Amino acid sequence: MIRTKLAAAFRRRPIAILLAAIAAAALVATLFVRTSSGKAEADDPAVNYLPSSAHVFVIQLENKSYDGTFGPNSPAPYLSQTLRQQGVLLNNYYGIGHNSLDNYLAQISGQGPNSATQGDCPVYTPFVQTGTAMLGQAIGAGCVYPSNVTTLADQLTGAGFTWKGYMEDMGTPCNHPAIGAADPTMTAHVGYQYATRHNPFVYFQSITGSPSCAANDVDLSALKGNLASAATTANFNFIVPNLCNDGHDAPCVDGQPGGLKSADAWLKQWVPVIMNSPAFQQDGILMITFDESDGPQADSSACCGEGPGPNAAQPGLTGPGGGRTGALMVSPFVAPNTWSTTSYNHYSFLASMEELFHLPYLGYAGTPGLSRFGLDVYNKGV
Amino acid sequence: MTIPRRNFLSASALAAVGAAALPGAVPQTHARSAVPSALPNPASSGIDHIVVVMMENRSFDHFLGWLPGANGKQDGFTFIDRYGIPHGTHHLSDYQGCSHPDPDHSYEGGLIAFNNGKCDGWLRAGDNDDFAVGYYTSSDLAFWAQAAPAWTVCDNYFAAVMAETYPNRFYQHAAQTDRIHNSSVNATIPTIWDRLAAAGVSGKYYYSDVPFIALWGTKYMPISAPYATFLSDCAAGTLPSVSFVDPRFVEEGTGTSGDDHPHADVRSGELFLNEIYSAVTKSPAWSKTLLIINFDEWGGFYDHVAPATAPDVSQTTSRRGFRVPAMLVSPYARRGAVASGLYDHTSILKAIEWRWNLPALTPRDANATNIAEVLDFSSAPNLSAPTFLVPTYVAGAACTPLPGGDPEDEWHPLKNRAIAEGWKLS
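Below, the structure is given as structure tokens:
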């Protein structure tokens, strides 16, 4: 199985990155033993369901339940009608917790919530780890994970792929408070509506302790230039609008309406930029996701076997999960105006990205029986 | 009657195979021509009682695909799952399927299975596993093994709408649905019960544990009665003109519900149907009764016939769901017959409206083909009705709830609502 993955890596990548691939394969071997309970082996014969995509774009929006976003009375007609008709709507996609931050961290690391991340980390505390539980879960509490807790970004880099986080209004790359300091971005400011808690990359010392953070976790303004050619477009792009344009605030500090209305206007501006890019048209996947439902009082349901974690008996504060949000994917590998009704959450998302790039599962992405995007999502040819 | 009809098949061939499949099945010996007679004057048709029993969640191929002479297919299909792995259709080895997810039978999941008419997406919908492409045979279904070869089975009968339970049950009562997913919000759409009442025709809704009709609040409480009353009304010969009978919907997980919805034990449904069959055929009203047994929808189980669209109040609900088993039992029913006209739940409404001269509810039932056309009004009514032996069974252990909740969860909010509004439920 390892050999198969390596062979695939050899076929697809230049010699210059083979050493990295081999190093990653060594990591693969270790992690499979530790986290995947034989799952990857079992699925390996069928990897041909995966598209040959090399460019993923994720736009993460905030705090909206499925029915409001994609229902008939949605205040986001571009997203729920125009764009929806071009892609596959995953109508059983769930957040993994409440409030925001634990969802973002789950998406790139497979780590479950703890009390600090559930509270969105108003103080940028270190995560103090006291042990490791099943499925690679760091035991402890706090915000910034130690460098032994790795992420999809680290995996991609290790395997010779590139990644970028595009954060609207962030300004300085890798912008985050000092350890132990209060986070000044908990509320929006006119002209500066960046939120650290919506930028998952700065909560892992494996990233913040490396030059990779400043190089890859950058302001949204860099996106357009990087989209100019497929060669300058990263393999994995995680795009976060500001607190107004991601639908979080309503009304916004600058007087804009916010909510789904502003999110829809932002999508209408940016999605065509992405979809017209050479990388997207060549082999792109664009996903529009939401971190969590309207909130813990509205919907804390879970899917996909999510249960209590070592650091949070109730990942969704009032329930087991982050509620049903839905997610939309548009891609040359996706048939227009179709559905996927399979149950997915942010851990499934991580597992799906890892499969796409032939990486091992991190954290809860390795949950036995967890569904990953298959021909239900990459449904162009079915 | 614009829909072409074909092959009311030879009863002797069917009965022979039916008898082979289950020793003890009583073969009917007279054959029928393929062309039914025209419908008579409804008031003098001889049908004074129509009884509709709607079960849950089984497709035609999955449940009756073994029926000789019918357009059913069981062994030999291969379907690709979401990970590109092929799975063959296969004989299910237990009566409940506790370890499997309830196959997706939502509007959206139905469209995935439908796949623009290819009918091959069964294993890419929902969290489906190969349970969705499994089937039962006559050896598993003691009632159907005896009844299907003996009476008239429709093999081109579809769920009314590509959607789950409540939308299809709404179609059975109202020829439309006001929702595409199950929910317990109040319904106000007009029903066949309103039409019957306006015409002074008697109708009664018999419920087992949860009254579906409580979705209209207490409006139809006066015409509703518990299932035990159905049995006593049959015995006393006091059936109303129109009866709908619903099975037990809850307790699927323990296998003791009677509705055939996974994870119900299908042997429980067989006993329930045989009890109804026996009550109707032994009733003093039998000579003037038409009993129709159908299923609300396909339950996510595979079927190889693509459903088409029909005239409807809404484009969203215009596509029918996949085929479900449907059977007609009556002194006027052909014995050992397969009727292949195009029918759905509203074809039954059409028969009721025909019999009692009622106006249609929506474009759907207005344009439906009257299912009474499969009956034989040109011959003398045949009052004989074989008695079927359906053995009792010992239920296994209750299913362990799967992640995502039990399939029967859809009924609890309605049950709670009904109780709060004063329904007396057992």
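Keeping their order, the protein sequence lines are chains G and X. In case it helps, our numbering puts the first sequence at residues -10 to 371. In case it helps, our numbering puts the second sequence at residues 579 to 1004. Quick reminder that beta carbons are idealized off the backbone N, C-alpha and C, glycines included. All values derive from a computational prediction rather than experimental measurement.
The beta carbon of K213(G) lies closer than 8 Å to those of V262 in the same chain, with the five residues before and after it left out.
Under the Cβ criterion of 8 Å, D365(G) is counted among the residues facing chain X.
Along the length of the segment 42 to 74 of chain G, whole beta strand (DSSP E) runs at least 3 residues long occupy 44 to 50, reported in chain order. Per DSSP, L275(G) lies in no alpha helix (DSSP H) segment; the continuous beta strand (DSSP E) that holds it begins and ends at 273 to 279.
Residues of chain X with a Cβ closer than 8 Å to the Cβ of Y38(G) are, in chain order, R660, Y661, G662. Of the residues S637(X), S716(X), T656(X), the one whose Cα lies closest to the Cα of W644(X) is S716(X). Taking the Cα positions, N265(G) is about 16 Å away from I228(G). Excluding its 5 nearest sequence neighbours in each direction, H335(G) has C-beta neighbours in its own chain below 7 Å: G84, I85, N92, A95, Q96, listed in chain order.
Counting other Cβ atoms within 10 Å of its Cβ, K696(X) stays below 16 and is therefore classed as exposed. Contact annotation, N88(G) with D283(G): C-beta distance approximately 11 Å; criterion of less than 8 Å not satisfied. Fewer than three beta-carbon pairs drawn from the segment 644 to 655 of chain X and the segment 801 to 809 of chain X are found closer than 8 Å, and the two stretches are therefore not classed as touching.
Pairing S925(X) with N948(X) gives a Cβ-Cβ distance under 8 Å. By the neighbour-count criterion, in which a residue is buried when 16 or more other Cβ atoms sit within 10 angstroms of its Cβ, H187(G) is buried. G247(G) and C241(G) have their C-alpha atoms some 5 Å from each other.
At a cut-off of 8 Å between C-beta atoms, L920(X) does not count as an interface residue with respect to chain G. Going by DSSP, D208(G) is part of no alpha helix (DSSP H) but of the beta strand (DSSP E) stretching over 206 to 208. For N226(G), the enclosing beta strand (DSSP E) has its first and last residue at 225 to 229. Residue pairing by DSSP puts Q126(G) in a beta bridge opposite A122(G). When the Cα atoms are used, A741(X) and G914(X) turn out to be separated by approximately 31 Å. Within the same chain, Cβ atoms closer than 8 Å to the Cβ of L642(X) are found at A648, G650, W722, A726, V731, D733, P903, the five residues on either side in sequence being excluded.
For N80(G), the residues of chain X that pass the 7 Å Cβ criterion are E686, in the order they occur in the chain. Near chain X, meaning a CB-to-CB distance below 7 Å, the residues of the segment 321 to 333 of chain G are W328, T330, T331, S332. The Cβ atoms of I758(X) and T940(X) do not sit closer than 8 Å to each other.
When the beta-carbon positions are compared, I770(X) and L927(X) come within less than 8 Å of each other. A direct Cα-to-Cα measurement between W255(G) and L209(G) gives close to 12 Å. The secondary-structure analysis by DSSP pairs F873(X) across a beta bridge with M633(X).
Relative to D235(G), the option among V207(G), T278(G), N205(G) whose CA is nearest is T278(G).
Using a CB distance cut-off of 8 Å, D682(X) counts as an interface residue toward chain G.
By the neighbour-count definition (other C-beta atoms within 10 Å, threshold 16), N326(G) is an exposed residue. With the criterion set as a beta carbon lying under 7 Å from some beta carbon of chain G, the members of the segment 705 to 722 of chain X are D705, in sequence order.
Interface residue (Cβ-Cβ distance to chain X less than 8 Å): S337(G) is not classified as such. Between W932(X) and P618(X), the C-beta spacing is not below 8 Å. When D639(X), T978(X), L670(X) are compared, the shortest CA-CA separation from E830(X) is found for T978(X).
With its beta carbon less than 8 Å from one in chain G, R702(X) belongs to the interface.
DSSP links T867(X) through a beta bridge to H627(X). In this model, V739(X) and R898(X) are separated by some 4 Å (Cα to Cα).
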